[in-house]
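A.B. asks: From first to last, the protein sequence lines stand for chains A and B. Per the numbering used here, the first sequence runs over residues 1 to 355. Per the numbering used here, the second sequence runs over residues 356 to 710. All C-beta atoms in this analysis are idealised placements derived from N, C-alpha and C, irrespective of residue type, glycine included.
Protein chains: 2
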Amino acid sequence: MKTETIEAYLLELKPLIDKKIEEWIPRQYDAASMKFTLGEPRYENSPASGTKGVSEPIWEFLDRGGKRWRPALMVLIAEALGAKRSDVMDFVVVPEVIHNATLIADDIEDSSDMRRGKPALHKIFGVDVAINASNAMYFLPLKILMENKEMDPEKIKRMYDAFSQEMINVSFGQALDIIWHKGGFKEELNENKYLQMCAYKTGALARMAAKLGAIIADANDRDVEKVAEFAECVGVAFQIQDDILNITASENLGKEFGEDIKEGKRSLLVIHTLTKCDKNAATRLVEILDMHTSDKKILQEAIDIIKKYNSIEYAKSYARKMVVDSWNKVDKMLPENEAKRKLRLFANFLVERDI
Amino acid sequence: MKTETIEAYLLELKPLIDKKIEEWIPRQYDAASMKFTLGEPRYENSPASGTKGVSEPIWEFLDRGGKRWRPALMVLIAEALGAKRSDVMDFVVVPEVIHNATLIADDIEDSSDMRRGKPALHKIFGVDVAINASNAMYFLPLKILMENKEMDPEKIKRMYDAFSQEMINVSFGQALDIIWHKGGFKEELNENKYLQMCAYKTGALARMAAKLGAIIADANDRDVEKVAEFAECVGVAFQIQDDILNITASENLGKEFGEDIKEGKRSLLVIHTLTKCDKNAATRLVEILDMHTSDKKILQEAIDIIKKYNSIEYAKSYARKMVVDSWNKVDKMLPENEAKRKLRLFANFLVERDI
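1) So, for residue 569 of chain B: in the same chain, excluding its five sequence neighbours on each side, which residues have a beta-carbon less than 8 Å away from its beta-carbon?
2) May I have a chain-ordered list of the alpha helix (DSSP H) segments no shorter than 4 residues that lie completely inside the segment 259-338 of chain A?
3) On the criterion of 16 or more Cβ atoms from any shown chain inside 10 Å, does residue 426 of chain B qualify as buried, or is it exposed?
4) In its own chain, which residues sit with a C-beta less than 8 Å from the C-beta of residue 285 of chain A, not counting the 5 before and 5 after it?
5) Kindly indicate if chain A contains any beta-carbon less than 8 Å away from that of residue 569 of chain B.
6) Would you mind reading off the limits of the alpha helix (DSSP H) that contains residue 26 of chain A?
7) Beta-carbon of residue 249 of chain A versus every beta-carbon of chain B: anything under 8 Å?
8) CA-CA distance, residue 83 of chain A and residue 483 of chain B?
9) Tell me the rounded alpha-carbon separation between residue 417 of chain B and residue 290 of chain A.
10) Could you list which residues in chain B have their beta carbon closer than 9 Å to that of residue 129 of chain A, in chain order?
11) Starting from residue 409 of chain B, follow the alpha helix (DSSP H) in both directions and report where the run begins and ends.
12) Based on the DSSP output, what are the partners of residue 119 of chain A in its beta bridges?
13) Of the residues B:653, B:598 and B:592, which one's Cα is nearest the Cα of residue 674 of chain B?
14) Go ahead and pull the three-state DSSP assignment for residue 524 of chain B.
15) How would you label residue 601 of chain B, buried or exposed, when you count the other beta carbons within 10 angstroms and need 16 or more for buried?
16) Check the Cβ-Cβ distances between residue 351 of chain A and every residue of chain B, and say whether any is below 8 Å.
17) Are the segment 367-379 of chain B and the segment 446-460 of chain B touching by the rule of at least three beta carbon pairs closer than 8 Å?
18) So what's residue 422 of chain B in DSSP terms, helix, strand or just coil?
19) Taking Cβ positions only, does residue 702 of chain B come closer than 8 Å to chain A?
20) One question on the structure: do residue 234 of chain A and residue 350 of chain A come within less than 8 Å of each other, judged by their Cβ atoms?
21) Run down chain C in chain order and give the residues with a C-beta less than 7 Å from the C-beta of residue 596 of chain B.
22) Show which residues of chain A have a CB atom less than 9 Å away from the CB atom of residue 668 of chain B.
23) Which of helix, strand or coil does DSSP assign to residue 75 of chain A?
24) What's the call for residue 141 of chain A, buried or exposed, on a 16-neighbour Cβ count within 10 Å?
25) Should residue 136 of chain A be flagged as near chain B, meaning a C-beta pair shorter than 8 Å?
26) Once DSSP output is grouped into helix, strand and coil, what is the label at residue 584 of chain B?
27) Going by other Cβ atoms of all chains shown within 10 Å of its Cβ, with 16 needed for buried, is residue 341 of chain A buried or exposed?
28) Use the C-beta contact count for residue 263 of chain A: other C-beta atoms within 10 angstroms, 16 or more gives buried, fewer gives exposed.
29) Looking only at C-alpha atoms, which of A:326, A:327 and A:239 sits nearest to residue 353 of chain A?
30) May I ask which residues mark the beginning and end of the alpha helix (DSSP H) holding residue 612 of chain B?
31) If we count the other Cβ atoms within 10 Å of its Cβ and call it buried at 16 or more, is residue 109 of chain A buried or exposed?
32) How would you label residue 519 of chain B, buried or exposed, when you count the other beta carbons within 10 angstroms and need 16 or more for buried?
33) Please list the partners that residue 409 of chain B has in chain A, where partner means a Cβ-to-Cβ separation under 7 Å.
34) Closer than 8 Å, CB to CB, is residue 230 of chain A near chain B or not?
35) Find the residues of chain A that neighbour residue 540 of chain B, judging by a C-beta separation of less than 9 Å, and give them in chain order.
36) Taking the C-alpha atoms as reference points, what is the distance between residue 357 of chain B and residue 700 of chain B?
So, in structure tokens, the structure goes:
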């Protein structure tokens, strides 16, 4: 598997994506960019306060990095379906900025202290600024749809529809995750329900990226849905891999080691363990998850139970199979080209990565 | 001024609006409404957890009431421009649900304890559920645009554009409000900048309601902007009246008496006082605002300073003039009809109200 190629591709794309984001969300607002973003003011704008309340927190967070894989997925899908990179580059801002917005909200909701090796945004700017920055990031990218005068309005409407549906689904995914973290409806939680939650929480933004890419390439609704399904599977597999890394990664990935256990997360790993292990182990694992403890020894105890029942291997092969199966479906519909070749490598990279 | 007529009109409309909201955001999710809202699940949906995480907090909040004046404004504008009430009734869900979403977020951001006479939503359901419910409420109403198959896609696109622009502006208004509450950029704050912040924070959702109503009635862009300007002025005047009531209302309005002072809010009242009063009074007023105290005696001291410099009368007449001037502009463009007659009464009601 030549994942290096895809890592190089992501690294090549990243500065171009960040430059595009900067065009739509400036690092510093002035009179002109305020007027462009908000319309003609009736009274008087306050660029300095706009910078302090909107740009600064957003860019502090975006500058922490991230793989920018949703924009890459969008570009590759659009190209594979016959669009040019330049047709799609403005729109990659949409899923990427929104993804970062959900991370900021997530950290407040989970009371997380750290993100990407730095204090969570609300720890630096306050909960008020962080929530509002996150909200602003949901809507600022829509300016790109609004200002596009070249595309057919019906095409823009399709993009808005894709945005809206996937944002609804993200918020449901998050709702389920929260309810289950809190230990609610434990009895109803099973593998399929967990995977559905991931499809909403993590899959939906991948779906959005794929749908936008395909719509830009003028794909019909059926093909849009096909690439969306593929992207959703990649997103879910990515999430499963994230869950695995959270308890196996030796190095610090920005998030704290074992934080998922501390948060009480009922991941695929946990659900699989609970169906396989004996009653004593199950009772103890649930007990630890409900403790919300930071005690490393106790967290390790939970991880040991999970490992004992081969849940890591199970989850890993589940994620792999998911990507292979979903790839086989789009493989048939996509014409052979360089973008398609990259797309296949890309899907594998996201599942096989160890970072 | 026969405000009773308008109060009766609002009371007549309210149950119809709430019924519409319920059609799009059910009080309880089942398999069918989950599928309608989220699309076909690949794995398995969890209606009980969806109800607990999404419906319950949203409806607990919506059931607290509110005047529902944004939907009323939307209906009246659409009718005044020639549309039928039935054309517009689905869409009134959009500004109303979003308005409530912003209140939920506001209360978390301001660490408010109470809203509409009950504990703030995050005090009941937790910050995690409340933030996410607020986010869900931004997007769930877009299902109405998405599912409409009768309207021309270009018309739907215009509605999405109106939604997007005003959501951006709301988030900027909130950003400025937060920065100034925190005492940032005190030196740049003046009457015009405060009014601009209100135009974004409170005016934008009124603008959204007006724009949607006018677009449904097939108004051209120029006329859409005219009614949007009127709605913005009504919104700002409403906010000024809210600020006045916060320090003059004898009865409890759900929010705590003097809470704006406690929060350090640089309202029009405060800004006017600071430009008129002597240096000692100014120093003391700013000192109290920066204290974020709950001490009733100290809050009263600030209110006494504000009253001494006739700032209440100033703000009141400012709001009145704003509504009259903006009414005069739309008066010329709107044909004479019953809806227009109500619209005029309505604007006055929002400014003259003492509740």
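C.D. replies: Well, looking at it:
1) Working through the second sequence from its first residue, we reach residue 569 of chain B at position 214. For residue 569 of chain B, where only same-chain residues beyond five positions count, the Cβ hits under 8 Å are 432, 433, 436, 578, 579, 582 and 583.
2) 259-262, 268-276, 279-291, 296-308 and 311-333
3) Taking the first residue of the second sequence as position 1, residue 426 of chain B is located at position 71. It counts as buried.
4) Start at 1 with the first residue of the first sequence, and residue 285 of chain A comes out as number 285. Answer for residue 285 of chain A: 270, 273, 274, 277, 302, 305 and 306, listed in chain order.
5) Taking the second sequence and counting its residues from 1, one reaches residue 569 of chain B at position 214. No, its Cβ sits nowhere closer than 8 Å to a Cβ of chain A.
6) To locate residue 26 of chain A, count along the first sequence from 1; it is residue 26. First-last for residue 26 of chain A: undefined, no H or E at that position.
7) Your numbering for residue 249 of chain A matches position 249 in the first sequence. By this cut-off, residue 249 of chain A is not an interface position.
8) Position 83 of the first sequence, counted from the first residue, corresponds to residue 83 of chain A. Position 128 of the second sequence, counted from the first residue, corresponds to residue 483 of chain B. Going from the Cα of residue 83 of chain A to the Cα of residue 483 of chain B covers about 40 Å.
9) Counting from 1 along the second sequence, the entry for residue 417 of chain B is found at position 62. Counting from 1 along the first sequence, the entry for residue 290 of chain A is found at position 290. Spanning the two alpha carbons is a distance of roughly 32 Å.
10) What you label residue 129 of chain A is simply residue 129 of the first sequence in a count that begins at 1. Here the neighbours are 464, 530, 533, 534 and 537.
11) For the purposes of this step, residue 409 of chain B is identified with residue 54 of the second sequence, where counting begins at 1. That residue, residue 409 of chain B, is in no alpha helix (DSSP H); it is neither H nor E in DSSP.
12) As a first step, residue 119 of chain A is located in the first sequence; it is residue number 119 there, counting from the start. According to DSSP, which records beta bridges pairwise, residue 119 of chain A is partnered with A:114.
13) Counting from one through the second sequence, the residue named residue 674 of chain B turns up at place 319. Looking at the Cα atoms, B:592 is the closest of the given residues.
14) In the second sequence, the residue the question calls residue 524 of chain B occupies position 169. In the structure shown, residue 524 of chain B sits in a helix (DSSP, three-state: H, G or I).
15) The residue given as residue 601 of chain B occupies position 246 in the second sequence. So residue 601 of chain B ends up on the buried side.
16) On the first sequence, residue 351 of chain A is found 351 positions in, with the first residue counted as 1. Not one chain B Cβ lies under 8 Å of residue 351 of chain A.
17) yes
18) Mapped onto the second sequence, residue 422 of chain B falls at position 67. DSSP places residue 422 of chain B in coil when its eight states are reduced to three.
19) For the purposes of this step, residue 702 of chain B is taken as residue 347 along the second sequence, with counting starting at 1. No - not a single Cβ of chain A is within 8 Å of the one on residue 702 of chain B.
20) Residue mapping note: residue 234 of chain A aligns to position 234 of the first sequence, counting from 1. Residue mapping note: residue 350 of chain A aligns to position 350 of the first sequence, counting from 1. The answer is yes: Cβ separation under 8 Å.
21) Although the question refers to chain C, the structure presented lacks it and instead comprises the protein chains A and B.
22) Residue 668 of chain B sits at position 313 when you count from the first residue of the second sequence. Those within 9 Å of residue 668 of chain B in chain A number zero; the least Cβ separation is about 21 Å.
23) Here residue 75 of chain A refers to the residue found at position 75 when the first sequence is read from its first residue. Residue state, collapsed to three classes: helix.
24) Here residue 141 of chain A refers to the residue found at position 141 when the first sequence is read from its first residue. So residue 141 of chain A counts as buried.
25) Taking the first sequence and counting its residues from 1, one reaches residue 136 of chain A at position 136. Cβ-Cβ to chain B under 8 Å: yes for residue 136 of chain A.
26) As a working note, residue 584 of chain B is residue 229 in the second sequence. Three-state DSSP puts residue 584 of chain B in a helix.
27) Looking up residue 341 of chain A in the first sequence gives position 341. Looking at its Cβ environment, which holds fewer than 16 other Cβ atoms inside 10 Å, residue 341 of chain A is exposed.
28) Here residue 263 of chain A refers to the residue found at position 263 when the first sequence is read from its first residue. Classification for residue 263 of chain A: buried.
29) Start at 1 with the first residue of the first sequence, and residue 353 of chain A comes out as number 353. Minimum Cα distance to residue 353 of chain A is reached at A:239.
30) Here the question's residue 612 of chain B lines up with position 257 in the second sequence. Note, residue 612 of chain B: premise wrong, no alpha helix (DSSP H); not H, not E.
31) Locating residue 109 of chain A in the first sequence gives position 109, where the first residue counts as 1. Flag for residue 109 of chain A reads buried.
32) Indexing the second sequence from 1 puts residue 519 of chain B at position 164. By the 10 Å Cβ count, residue 519 of chain B comes out buried.
33) Mapped onto the second sequence, residue 409 of chain B falls at position 54. By Cβ distance, chain A contributes 172 and 175.
34) Reading the first sequence from its first residue, position 230 is the one you call residue 230 of chain A. By this cut-off, residue 230 of chain A is not an interface position.
35) Against the second sequence, residue 540 of chain B aligns to sequence position 185. Simply 46, 48, 49 and 52.
36) Residue numbering aside, residue 357 of chain B sits at position 2 when the second sequence is read from its first letter. Residue numbering aside, residue 700 of chain B sits at position 345 when the second sequence is read from its first letter. In this prediction, residue 357 of chain B has a pLDDT of 47, which is less than 50 and means its spatial position is unreliable; what the coordinates show is noted afterwards. Roughly 7 Å between the two C-alpha positions.
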